[in-house]
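Residue numbers (our numbering), protein chains in the order written: chain A, 583 to 958; chain B, 17 to 244.
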């Protein structure tokens with residue numbers, strides 16, 4: 583060390599600092615470039631609810647690049663859901679994100695079919711857009727036809743959806759960014775089934791598939807447990823589930839009802855979120871209700887897998903025979919599956935609720951990254 | 017390939033989007049002719065439920081009801097390949113609302129349309145490209161798909177036609193892929209459409225039309241650089 587001149591020592595001090603400065607700037611630009619890409623496929627009921635709130639989980643996170651929101655009928659009809667999504671994006675200032683209309687109807691299932699099915703096999707408690715009775719809160723879920731868009735309580739949007747259809751958008755994006763795009767499915771799988779039917783390369787080109795859907799053995803009251811293999815997203819379009827779940831993906835993660843029922847969004851949490859003046863928080867303050875965070879958990883677990891404390895691997899498929907089991911989730915432990923194309927699925931079982939709550943509040947109360955001036 | 021490999025390329029667009037795009041471009045002017053399984057058409061309808069209404073009509077070769085055939089064949093007499101290959105697509109297509117007219121050429125009439133060696137030889141006498149293509153590569157076969165096309169071109173070759181409600185058995189039991197039909201008034205009313213089903217034809221007229229079509233020069237053709 584004594585052999586090194588003072589000038590040299592100064593240089594040696596300087597160079598590490600320079601290196602650190604370069605490294606920091608490189609790292610931040612690299613992490614800016616290395617955002618995780620996602621296509622959010624949603625039956626985007628609104629305002630708020632688990633559907634819009636799960637979209638916000640992605641939008642509120644600076645590490646996510648949302649390529650687009652592809653919309654599918656399910657909880658509501660597609661066009662109404664598109665309107666709720668456009669309006670939400672206006673309110674948080676992210677109208678740069680494309681809203682891409684997808685399937686209006688399931689592949690094969692129909693309201694008329696289900697009405698007949700019920701006469702043989704009994705009433706289905708939740709039928710989304712086919713619900714005759716509103717969901718009790720009066721501001722959403724009023725029965726209407728597939729093409730009607732009622733006035734939105736949160737204000738009608740002025741922005742427009744994409745003119746491209748969801749299937750084509752999904753195909754185009756996974757080809758544009760091979761092995762980089764997560765497909766997140768928070769609603770029925772119709773759009774994704776269409777995409778893989780047109781282009782079977784989609785399941786390989788996607789990075790992974792993240793699903794909220796299905797139900798295996800949730801711990802619930804008796805009246806619910808009589809339909810404990812029925813979960814709405816899967817039930818609305820069973821054929822689509824079968825097509826998607828028997829296609830070769832690199833990774834499928836499924837958030838089933840089993841874990842969803844551990845994620846109740848309490849009024850106290852909504853009140854906590856409402857303390858923030860930021861647009862996403864304002865939106866929840868006005869419109870969020872107590873509900874299970876079905877879709878939010880699926881999104882959050884993708885963002886931060888450490889909130890999941892227990893998961894398992896099961897082969898999964900769906901009963902799409904039109905008998906009493908139509909729409910029921912099928913699951914097998916490895917070794918007992920029929921081997922007709924079923925994929926091994928990561929099924930989330932238990933979570934660190936405190937950690938998820940903290941993460942959720944933090945996401946919902948922060949300013950929306952990359953937002954332009956939001957609408958009033 | 018036996019006939020030589022192509023040097024031209026297929027277009028970039030997928031069939032479902034092409035169908036959707038064309039029907040929007042020419043509303044109520046385009047006939048959708050389906051000579052194979054209905055997968056593409058079902059995809060198009062699923063993406064855009066306006067497709068059936070925007071089409072002028074749907075012309076299909078598919079399905080089988082009660083063809084008069086030898087016994088081994090008769091044991092599978094509700095099975096026809098196009099429909100059987102993708103039963104769900106048949107159901108999606110045939111129960112889609114909005115079609116203005118559906119015509120389905122079933123096996124029942126197809127088996128009245130045998131093309132024999134003599135006809136191929138007759139066609140082969142002409143030097144035009146289509147005739148030579150047939151002379152070189154055609155085999156004796158029923159003119160399943162040709163009849164469906166020809167009847168659309170000239171409905172007068174069909175001498176007897178019926179109207180039935182039609183759907184597909186897509187349950188995965190022993191009936192998977194079987195054609196389902198009902199006389200009007202007996203159908204379940206779960207979206208089935210009324211379908212025109214040609215039953216009998218003027219074979220002499222069809223043969224004459226077919227030979228005439230296959231032996232004439234191809235309209236709008238450019239000389240093929242690779243033809244031999």
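Just so it is clear, CB atoms sit at the ideal spot from N, CA and C, and this is done for glycine as well. Computed from a predicted model, the values in this text were never measured in an experiment.
Could you tell me how far apart the beta carbons of residue i and residue j are, in whole angstroms, since I believe they sit closer than 8 Å?
| i | j | result |
| --- | --- | --- |
| residue 650 of chain A | residue 621 of chain A | 6 Å |
| residue 163 of chain B | residue 125 of chain B | 7 Å |
| residue 121 of chain B | residue 167 of chain B | 7 Å |
| residue 836 of chain A | residue 793 of chain A | 5 Å |
| residue 926 of chain A | residue 916 of chain A | 7 Å |
| residue 737 of chain A | residue 669 of chain A | 6 Å |
| residue 42 of chain B | residue 165 of chain B | Their Cβ separation, rounded to whole angstroms, is 19 Å, which puts residue 42 of chain B and residue 165 of chain B out of contact at 8 Å. |
| residue 833 of chain A | residue 761 of chain A | Actually they are not in contact, since the Cβ atoms of residue 833 of chain A and residue 761 of chain A sit about 11 Å apart, beyond 8 Å. |
| residue 732 of chain A | residue 681 of chain A | The pair is not a contact, with the Cβ atoms about 18 Å apart (cut-off 8 Å). |
| residue 796 of chain A | residue 880 of chain A | Going by Cβ atoms, the distance from residue 796 of chain A to residue 880 of chain A rounds to 11 Å, so no, they are not a contact pair. |
| residue 671 of chain A | residue 62 of chain B | Not confirmed; about 26 Å, so no contact. |
| residue 626 of chain A | residue 653 of chain A | 5 Å |
| residue 838 of chain A | residue 798 of chain A | 6 Å |
Have a look at the DSSP bridge pairing and note the partners of residue i.
| i | result |
| --- | --- |
| residue 767 of chain A | A:623, A:793 |
| residue 73 of chain B | B:47 |
| residue 913 of chain A | A:898 |
| residue 650 of chain A | A:621 |
| residue 176 of chain B | B:216 |
| residue 818 of chain A | According to DSSP, which records beta bridges pairwise, residue 818 of chain A is partnered with nothing at all. |
| residue 929 of chain A | A:836, A:894 |
| residue 847 of chain A | A:873 |
| residue 184 of chain B | B:195 |
| residue 120 of chain B | B:76 |
| residue 131 of chain B | B:157 |
| residue 683 of chain A | A:653 |
Measure the alpha-carbon distance for residue i versus residue j and round it to whole angstroms.
| i | j | result |
| --- | --- | --- |
| residue 610 of chain A | residue 192 of chain B | Residue confidence is low: residue 610 of chain A scores 48 on pLDDT, short of 50, so the model does not pin down where it sits. Its coordinate-derived value is still stated next. Their backbone Cα atoms lie some 58 Å apart in a straight line. |
| residue 135 of chain B | residue 910 of chain A | 56 Å |
| residue 612 of chain A | residue 753 of chain A | Because the pLDDT of residue 612 of chain A is 46, which lies under 50, any placement of that residue in the model is unreliable, and the number read from its coordinates should be weighed accordingly. About 27 Å. |
| residue 187 of chain B | residue 103 of chain B | 9 Å |
| residue 132 of chain B | residue 238 of chain B | 30 Å |
| residue 82 of chain B | residue 203 of chain B | 18 Å |
| residue 101 of chain B | residue 231 of chain B | 33 Å |
| residue 116 of chain B | residue 201 of chain B | 20 Å |
| residue 58 of chain B | residue 900 of chain A | 21 Å |
| residue 937 of chain A | residue 947 of chain A | 16 Å |
| residue 904 of chain A | residue 868 of chain A | 41 Å |
| residue 923 of chain A | residue 55 of chain B | 20 Å |
| residue 705 of chain A | residue 694 of chain A | 14 Å |
| residue 955 of chain A | residue 860 of chain A | 12 Å |
| residue 804 of chain A | residue 885 of chain A | 33 Å |
| residue 913 of chain A | residue 47 of chain B | 44 Å |
| residue 18 of chain B | residue 153 of chain B | 9 Å |
| residue 703 of chain A | residue 902 of chain A | 15 Å |
| residue 31 of chain B | residue 209 of chain B | 24 Å |
| residue 701 of chain A | residue 212 of chain B | 32 Å |
| residue 893 of chain A | residue 183 of chain B | 43 Å |
| residue 157 of chain B | residue 229 of chain B | 18 Å |
| residue 198 of chain B | residue 746 of chain A | 39 Å |
| residue 84 of chain B | residue 96 of chain B | 14 Å |
| residue 23 of chain B | residue 94 of chain B | 40 Å |
What do you get for residue i, buried or exposed, if any count of 16 or more other CB atoms within 10 angstroms of its CB means buried?
| i | result |
| --- | --- |
| residue 710 of chain A | buried |
| residue 206 of chain B | exposed |
| residue 801 of chain A | exposed |
| residue 79 of chain B | buried |
| residue 897 of chain A | buried |
| residue 824 of chain A | buried |
| residue 234 of chain B | exposed |
| residue 773 of chain A | buried |
| residue 775 of chain A | buried |
| residue 174 of chain B | buried |
| residue 729 of chain A | exposed |
| residue 70 of chain B | buried |
| residue 663 of chain A | buried |
Cβ of residue i versus every heavy atom of the ligand MG: is any distance shorter than 6 Å?
| i | result |
| --- | --- |
| residue 47 of chain B | Questions concerning the ligand MG fall outside what the structure shown contains, since it holds no ligand whatsoever. |
| request: Count the CB pairs spanning the region 869-885 of chain A and the region 833-847 of chain A that are closer than 8 Å, and state whether there are at least three. | output: yes
| query | Do the region 893-912 of chain A and the region 803-816 of chain A touch if we need at least three Cβ pairs shorter than 8 Å? | reply | yes
| task | Please determine if the region 784-791 of chain A and the region 681-694 of chain A are in contact, where contact requires at least 3 C-beta pairs separated by less than 8 Å. | result | no
| message | Below 8 Å, how does it come out for the region 624-643 of chain A and the region 656-672 of chain A: are there three or more Cβ pairs, yes or no? | response | yes
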